[in-house]
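So the structure is just underneath, and the comments pick up after that.
Protein chains: 2
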Amino acid sequence: MAETVEPLFPRPLLAPEAARGSAFRFGASEPLTLDCGRTLAPFTIAYMAYGKLNAARSNTILVCHALSGDQFASGMHPVTSRPGWWETMVGPGKPIDTNRYFVLCPNVIGGCMGTTGPAEIDPATGKPYALDFPVVTVRDMVRAQAMLLDALGIEKVLSVTGGSMGGMQALQWVASYPERIVSAMPIATSARHTAQNIAFHEVGRRAIMADADWRGGNYLLDGVQPSQGLAVARMIGHITYLSEAALARKFGRALQDRDALSFGFGPDFQVESYLQHQGSTFVNRFDANSYLYITRAMDYFDLAAQYGGDLSAAFAGARTRFLCLSFTSDWLFPTAENRLIADAAAAAGTEVAFREIASDRGHDAFLLDEPELFAAVRAFLDSVAAERGIV
Amino acid sequence: MAETVEPLFPRPLLAPEAARGSAFRFGASEPLTLDCGRTLAPFTIAYMAYGKLNAARSNTILVCHALSGDQFASGMHPVTSRPGWWETMVGPGKPIDTNRYFVLCPNVIGGCMGTTGPAEIDPATGKPYALDFPVVTVRDMVRAQAMLLDALGIEKVLSVTGGSMGGMQALQWVASYPERIVSAMPIATSARHTAQNIAFHEVGRRAIMADADWRGGNYLLDGVQPSQGLAVARMIGHITYLSEAALARKFGRALQDRDALSFGFGPDFQVESYLQHQGSTFVNRFDANSYLYITRAMDYFDLAAQYGGDLSAAFAGARTRFLCLSFTSDWLFPTAENRLIADAAAAAGTEVAFREIASDRGHDAFLLDEPELFAAVRAFLDSVAAERGIV
Chain A
592 MAETVEPLFP RPLLAPEAAR GSAFRFGASE PLTLDCGRTL APFTIAYMAY GKLNAARSNT
652 ILVCHALSGD QFASGMHPVT SRPGWWETMV GPGKPIDTNR YFVLCPNVIG GCMGTTGPAE
712 IDPATGKPYA LDFPVVTVRD MVRAQAMLLD ALGIEKVLSV TGGSMGGMQA LQWVASYPER
772 IVSAMPIATS ARHTAQNIAF HEVGRRAIMA DADWRGGNYL LDGVQPSQGL AVARMIGHIT
832 YLSEAALARK FGRALQDRDA LSFGFGPDFQ VESYLQHQGS TFVNRFDANS YLYITRAMDY
892 FDLAAQYGGD LSAAFAGART RFLCLSFTSD WLFPTAENRL IADAAAAAGT EVAFREIASD
952 RGHDAFLLDE PELFAAVRAF LDSVAAERGI V
Chain B
592 MAETVEPLFP RPLLAPEAAR GSAFRFGASE PLTLDCGRTL APFTIAYMAY GKLNAARSNT
652 ILVCHALSGD QFASGMHPVT SRPGWWETMV GPGKPIDTNR YFVLCPNVIG GCMGTTGPAE
712 IDPATGKPYA LDFPVVTVRD MVRAQAMLLD ALGIEKVLSV TGGSMGGMQA LQWVASYPER
772 IVSAMPIATS ARHTAQNIAF HEVGRRAIMA DADWRGGNYL LDGVQPSQGL AVARMIGHIT
832 YLSEAALARK FGRALQDRDA LSFGFGPDFQ VESYLQHQGS TFVNRFDANS YLYITRAMDY
892 FDLAAQYGGD LSAAFAGART RFLCLSFTSD WLFPTAENRL IADAAAAAGT EVAFREIASD
952 RGHDAFLLDE PELFAAVRAF LDSVAAERGI V
């Protein structure tokens, strides 16, 4: 039987008492079946809910987060004290309008903000799972979310959305539970992780594992963490989230707090200082082993492979309406990858709209102030809601 | 007075007795003046020479190597026992034909294959320079090469060429010594390192410095080396040298020696295995501190900044003929950056040919079997040689 509990944080001292979100703990008799063949029990899903579920329970929008995201899509993040990762998109009067919709954002399985992941205590040993945690997949994440929705008594989702890995979850939702998904907005994503993206992730993982403080994954036992390795992994990732044009515009070759080159190895250039900041702040809110597990889940994602290599078969029988969105300067999840999704969904007979949004801000554009993105999401949701008689 | 000496290797046990190349050692009275304001003396330049200098001393082609290259452009590399990095381009009957031209390829200042760099003994302390080595620039590399040419009695260079950082050196040669350079073939390069490229380099440097065995740069004293950090840096670099298309074609999502995903963190995918191999073999032939210094030199490179921000002023007065070459899929040194060079050289009144070569192999294309590249280089050199009456 599911019960509501306080979410667990890997570093509880960093999280203020308030705004910890909600959590469901599934007991020993409610295991999560995993693609690797193992089961996970008990387990917790931490989530945030915004807005109100209507009487017909028909106004749920499921927001799925990306690699470095969490359940705090909107409002103040309890660890960073900064706005949630989709503050521009989710909230009262925002494109995903919490005055109108009931927005659910769960932390993924394998994560580190309260949902069970490698930093949690393994009940079998009384120690953190570390690398004994099973390697999870995007399908496992979605399977766990379906259990959460069951527990919350939500049968149908008006729209499932997310960017990057969030988009992968949206696609998996349609494939795994087509009857539950009225509409889907996969953004800046792919139906399979490409070789280049696997390569960048692999380097990030090697950087973490190369840190002497990683200690075979058992760093929590020793009260240390592989901060430098995780920071390097984050820096690599961060470069790939931006476009060359955005980096040139934001930083170019501008120097940081100096008039001339230092002829040293400190951060002479603003872009170096910026990256170092990104790396060092990330380690305060993210668990290194979670980074390994979540990147692995993305690498493993290949939706067509689940359906005999035919992506359109993944959407067979679905009556889901799709809005597929990409950004011109996103070289990590380029338009071509997003178009493959739209084409496959159309081939499966679903109603699909596809839009490539002009932006020079790279993959990160899905998190930023992009009026064309907002307008497209708002109009699509208006249309879907109208179809379903949602005021 | 300059004297010929055996080159020094940071890991002499790895270098076979044969094929060590040549070296000039400049004495205490022949300092190299550096951009940082310091001088370096004594210092050694290791180099390889291929072909024969003609009686008129007019057939020299200066080949400048890239970040991870060295003087072994052609023939067997003494450490790796594999072909030199430009084996396809340099040799008897090759586009840079050593039956016809005298090819000189020096190891750069800051390098680790015999030219003085951070792994060499600092005569002032009797210990390896490590981070006491001055931060050098591409202009310093070229200044040292000019001293080598003086020492060898070579006044004029028929053509200076190189890809990536080699192309930066070629541009600097024209700017610093226009009267000595008959022609230049900068390939897949830029007149200034972009923010994105600085960012990738910075992450590589942080990976090296994060390795516990880096020890503030003093690893050689302790008989260790930051192999894991250097391997991560190399892996990052290697991804950027390839195109997404090349990675997709070569590897895609193919698995390595297995039929199914392992649900672990070993190299499931071929692209992971390939990258790990690239990283682990690199550390056997490259010094980690050299990697810091040479990447820094590239980051600092901004030729226009030496001339009041006007790139064409860098080539003012030069009568050098240019052949500028880029590759369609090179996203590290894209065509637009190479075109800026050609435009500036043309604005300075030089004779410039520019060609973008269609290739899906990314930045690395300049090292690979690219018939259009070979034909362009051969034809250009034929034309330059004919003008100068070289048979």
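These protein sequence lines map, in sequence, to chains A and B. Each residue of the first sequence is one higher than the last, beginning at 592 in my numbering. Each residue of the second sequence is one higher than the last, beginning at 592 in my numbering. All C-beta atoms in this analysis are idealised placements derived from N, C-alpha and C, irrespective of residue type, glycine included. All of these numbers come straight from a predicted model, not from anything done at the bench.
- Pick helix, strand or coil for Val862 (chain A), following the three-state DSSP scheme. It is helical.
- Would you check if there are 3 or more beta carbon pairs closer than 8 Å linking the region 766 to 773 of chain A to the region 903 to 915 of chain A? Two segments are said to touch when three or more pairs of C-beta atoms, one from each, lie closer than 8 Å; by this definition the region 766 to 773 of chain A touches the region 903 to 915 of chain A.
- Task: Return the residue from the list A:His668, A:Ala761, A:Ala742, A:Asp688 that minimises the CA-CA distance to Cys655 (chain A).
- Result: Nearest C-alpha to Cys655 (chain A) among A:His668, A:Ala761, A:Ala742, A:Asp688: A:Ala761.
- Using the C-alpha atoms, what's the distance from Ala837 (chain B) back to His784 (chain A)? Approximately 15 Å between the Cα atoms of the pair.
- Query: By DSSP, does Met667 (chain B) sit in helix, in strand, or in coil?
  - Reply: It is a strand residue.
- In three-state DSSP terms, what is Arg946 (chain A)? Three-state DSSP puts Arg946 (chain A) in a strand.
- Per-residue DSSP class, three states only, for Ala775 (chain A): Strand at Ala775 (chain A).
- Query: chain A beta carbons: is any one of them nearer than 9 Å to that of Asp893 (chain B)?
  - Reply: Taking Cβ atoms only, chain A reaches closer than 9 Å to Asp893 (chain B), which makes this a yes.
- Cβ neighbours of Asp661 (chain B) in the same chain (closer than 6 Å, five flanking residues each side left out): Hits under 6 Å: Asn698, Met704.
- Query: How about Ala657 (chain B) and Gly807 (chain B): do their beta carbons lie closer than 9 Å?
  - Reply: It is not a contact, given that the beta carbons lie outside the stated cut-off.
- Does the beta carbon of Thr689 (chain A) sit closer than 9 Å to a beta carbon anywhere in chain B? No, Thr689 (chain A) does not count as interfacial toward chain B.
- Query: Taking Cβ-Cβ distances shorter than 9 Å, what residues in chain B pair up with Phe860 (chain A)?
  - Reply: Going along chain B in sequence order, the residues near Phe860 (chain A) (Cβ under 9 Å) are Ala786, Ile789, Ala790, Glu793, Asp890.
- Taking the alpha-carbon positions, what's the Val968 (chain A) to Ala927 (chain A) distance? Each residue's Cα considered, the two are about 20 Å apart.
- Message: Between the region 835 to 851 of chain A and the region 773 to 791 of chain B, can you find at least three pairs of beta-carbon atoms closer than 8 Å?
- Response: Here the region 773 to 791 of chain B makes contact with the region 835 to 851 of chain A; the two share three or more CB pairs at distances below 8 Å.
- Task: Please classify Lys685 (chain B): does DSSP put it in a helix, a strand, or coil?
- Result: Looking at Lys685 (chain B) - three-state DSSP - the assignment turns out to be coil, as it is neither helix nor strand.
- Query: What number of angstroms, rounded off, separates the C-alpha of Ala637 (chain A) from the C-alpha of Thr707 (chain A)?
  - Reply: Going by C-alpha positions, Ala637 (chain A) is about 8 Å away from Thr707 (chain A).
- Query: Going along chain A in order, which residues have a C-beta closer than 7 Å to the C-beta of Asp802 (chain B)?
  - Reply: Neighbours of Asp802 (chain B) on chain A, chain order: Ala801.
- Item | Listed by chain order, chain B residues near Ala798 (chain A) by CB distance under 7 Å | Chain B residues near Ala798 (chain A): Ala798, Val823.
- Item | Neighbourhood of Ser649 (chain B) by C-beta distance below 7 Å, restricted to the same chain and skipping five residues each side | So the qualifying residues of the chain are Lys747, Leu749, Arg979, Ile981.
- What residue ranges within the region 732 to 798 of chain A form continuous alpha helix (DSSP H) runs of no fewer than 4 residues, ordered along the chain? With a minimum length of 4 residues, the continuous alpha helix (DSSP H) runs that stay inside the region 732 to 798 of chain A are 756 to 767.
- Short-range partners of chain A found in the region 839 to 853 of chain B, where Cβ spacing is below 7 Å: Within the region 839 to 853 of chain B, the residues whose Cβ lies closer than 7 Å to any Cβ of chain A are, in chain order, Ala839, Phe842, Gly843, Arg844, Leu852.
- Message: Between Met667 (chain B) and Pro674 (chain B), how many whole angstroms is the CB-CB distance? I'm expecting something under 8 Å.
- Response: Their Cβ separation, rounded to whole angstroms, is 7 Å, which keeps Met667 (chain B) and Pro674 (chain B) in contact under 8 Å.
- Query: When you compare each of B:Asp878, B:Ala888, B:Ala949, B:Asp901 to Val670 (chain B) by their alpha carbons, which one comes out closest?
  - Reply: Per the Cα distances, B:Asp878.
- Task: Report yes or no: is there a C-beta of chain A within less than 9 Å of the C-beta of Pro1016 (chain B)?
- Result: Residue 1016 (chain B) lies beyond the residue range present for chain B, which begins at 592 and ends at 982; the question has no answer from this structure.
- What is the rounded straight-line gap between the Cα of Ala775 (chain A) and the Cα of His792 (chain B)? Going by the C-alpha atoms only, they are around 39 Å apart.
- Using the beta-carbon of each residue, which ones in chain A are nearer than 7 Å to Gly717 (chain B)? Within chain A, no C-beta atom comes nearer than 7 Å to that of Gly717 (chain B); the closest sits roughly 24 Å away.
- Message: Taking 9 Å as the threshold (beta carbon to beta carbon), is Phe634 (chain A) in contact with chain B?
- Response: So no, Phe634 (chain A) is outside the interface.
- Among residues of its own chain, excluding the 5 on either side of Leu852 (chain B), which ones have a beta-carbon nearer than 8 Å to its beta-carbon? So the qualifying residues of the chain are Leu846, Asp859.
- Is there at least one Cβ from chain B nearer than 9 Å to Pro725 (chain A)'s Cβ? Closer than 9 Å to some Cβ of chain B, the Cβ of Pro725 (chain A) qualifies, so yes.
- Item | Listed by chain order, chain B residues near Ile827 (chain A) by CB distance under 7 Å | Taking a Cβ-Cβ threshold of 7 Å, the residues of chain B close to Ile827 (chain A) are Val794, Ile827, in chain order.
- Which listed residue (B:Val726, B:Pro725, B:Glu711) has its alpha carbon closest to that of Pro987 (chain B): In the structure displayed, chain B extends from 592 to 982; residue 987 (chain B) sits before or after that span and is not available.
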